[in-house]
Structure formats: C-alpha cells, structure tokens
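Enquirer: Before anything else, here's the structure in question.
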Amino acid sequence: MAHRIPHPPNAEDQAYAKCYLTFHVLRSTLPLGAALSIPTSIASTFYYGPRTIPTFTSRLFLHSSRGSTTGLALGFIMLEGRMWGREEIEWKDRTWRLLENKGQIEVDSWIVACGLVGSVASVFAARRGKIPVDGRRLVSGAGLGSVAGTGGYVAWRYGIHDGSLPENKVKYSLRSCANSSSDIPLGDIPADGYVRAKSETLV
3 MAHRIPHPPN AEDQAYAKCY LTFHVLRSTL PLGAALSIPT SIASTFYYGP
53 RTIPTFTSRL FLHSSRGSTT GLALGFIMLE GRMWGREEIE WKDRTWRLLE
103 NKGQIEVDSW IVACGLVGSV ASVFAARRGK IPVDGRRLVS GAGLGSVAGT
153 GGYVAWRYGI HDGSLPENKV KYSLRSCANS SSDIPLGDIP ADGYVRAKSE
203 TLV
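Numbering (the working numbering), first residue to last: 3 to 205.
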C-alpha cells in the first residue's frame, strides 16, 4: 500500500495522510492480537484436550479470529485517542515521516503480502473441508499471515542482511579502500564494489 501513496518532498503536501496512518496503526495491532492467540490456543488444547493436531488447529483459528478482531478494535481506539483533535498538518507530518522510512515501507509490504496469503490459504482450507467455512476463519487467516510476515521480515532483514537496507550500502573504489584504515581486506570486497557501511568513515 505504501508504494501506491505519493511521497512529496514536503510534509505539508502529503496526500492520503489519514488513510495511510490508519492503515499503519491497524497493520501493527492486527499481528499483535493474532500473536497473542497462539499461546492461548496451545494452553487451551493442553488444558481441555484432546491433545491432537485437528483440535489445536481449530482452536488456533478460533482464538486468532478473536485476537485479530480485538487487535483491530484496539488499533482504532489507540488511533482516535492519539490523533483526536489533531490538525491536518500533524496527520500529514506523521505519514510523511513513515513513508520516508524505507524500513517501514518494507515491513508494511511483508505484513500485507503474508496477511493476504493467510486469508487465501484459509479459504482453500475451508473449501477442502479442513476448517469450517465462515468469516472468522478469513480474519484469523489474515491475522496469522501477518504474524508470519512480521517474523519473516525480521529474519530476512536482521538475520540475513544484518539490518542494513540497500540504500545504506556505500560504494567505494578499490583505491579508497586500499588507502583506508579499515580492516576490510581487498579480497572481501564484492564484485559490485559495495561494502556495508560501518560506524567509521572510509576516506
């Protein structure tokens, strides 16, 4: 969604501020509510039984639908409590700063994409008779998908890429690296000439 919203140079020109800020808050509280449903469904299965996979799956979808709905409701309440009576420029400023953060846009994409996949997967599971067919399963699928998207983003960005965004890579010439006091061996410089920026400045 963030990729579709224009991002002007100045915050006062930011369009769709209320729309995006509402989306941002709800996409944050949706996976939070769904994530809390995972331990409760596990505890419910162990306590009430029977301790089987079908029972756990059914309770997971039930708890996730409740948790996701609660998360969305809390998101609306938090947004209203925070932004009630605020001027238009304050909505624009917050939205502009969110869109300026490339990492924020990236995590938005992960959560939305996985949430949609979760919803589609729940529909297919319902058609195959794996889970009951109702709207709650669609909500729970979106919630669990958003949880998976959050975890996937953390693993991708902070596990595989060490938390560095592509634009944070600085291109150095072999000559500048050779004249640097950095401990980066020349043999470790990638073929494209990019190395990850460190706290020290290479000169």
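For each residue, glycine too, the CB sits at the ideal point set by N, CA and C.
If you check the beta carbons only, do Ser60 and Ala36 fall under 9 Å apart?
Expert: Against a cut-off of 9 Å, the Cβ pair of Ala36 and Ser60 comes out as no contact.
Enquirer: Would you tell me roughly how many angstroms separate the C-alpha atoms of Gly87 and Leu81, rounded to the nearest one?
Expert: Cα to Cα, Gly87 sits roughly 11 Å from Leu81.
Enquirer: Let me know if Tyr174 comes out buried or exposed under the rule of 16 or more other beta-carbons within 10 Å of its beta-carbon.
Expert: Low local confidence applies: a pLDDT of 37 at Tyr174 is under 50, so the model's placement there is unreliable, with the coordinate-based value given in what follows. Buried, by the Cβ-count rule.
Enquirer: Taking buried to mean at least 16 other C-beta atoms within 10 Å of its own C-beta, is Tyr22 buried or exposed?
Expert: Buried is the call here.
Enquirer: If you draw a straight line from the C-alpha of Gly117 to the C-alpha of Glu14, how long is it?
Expert: In this structure, the alpha-carbon of Gly117 lies about 31 Å from that of Glu14.
Enquirer: Kindly indicate the opening and closing residues of the alpha helix (DSSP H) around Asp110.
Expert: Lys104 to Arg129
Enquirer: With a threshold of 16 other CB atoms inside 10 Å of the CB of Ser166, please say whether the residue is buried or exposed.
Expert: exposed
Enquirer: Taking one C-beta from the segment 152–164 and one from the segment 89–99 each time, how about it: are there three or more such pairs within less than 8 Å?
Expert: The segment 152–164 is not in contact with the segment 89–99.
Enquirer: How close, in whole Å, do the beta carbons of Pro33 and Gly137 come, if the pair is a contact with beta carbons under 8 Å?
Expert: The pair is not a contact, with the Cβ atoms about 19 Å apart (cut-off 8 Å).
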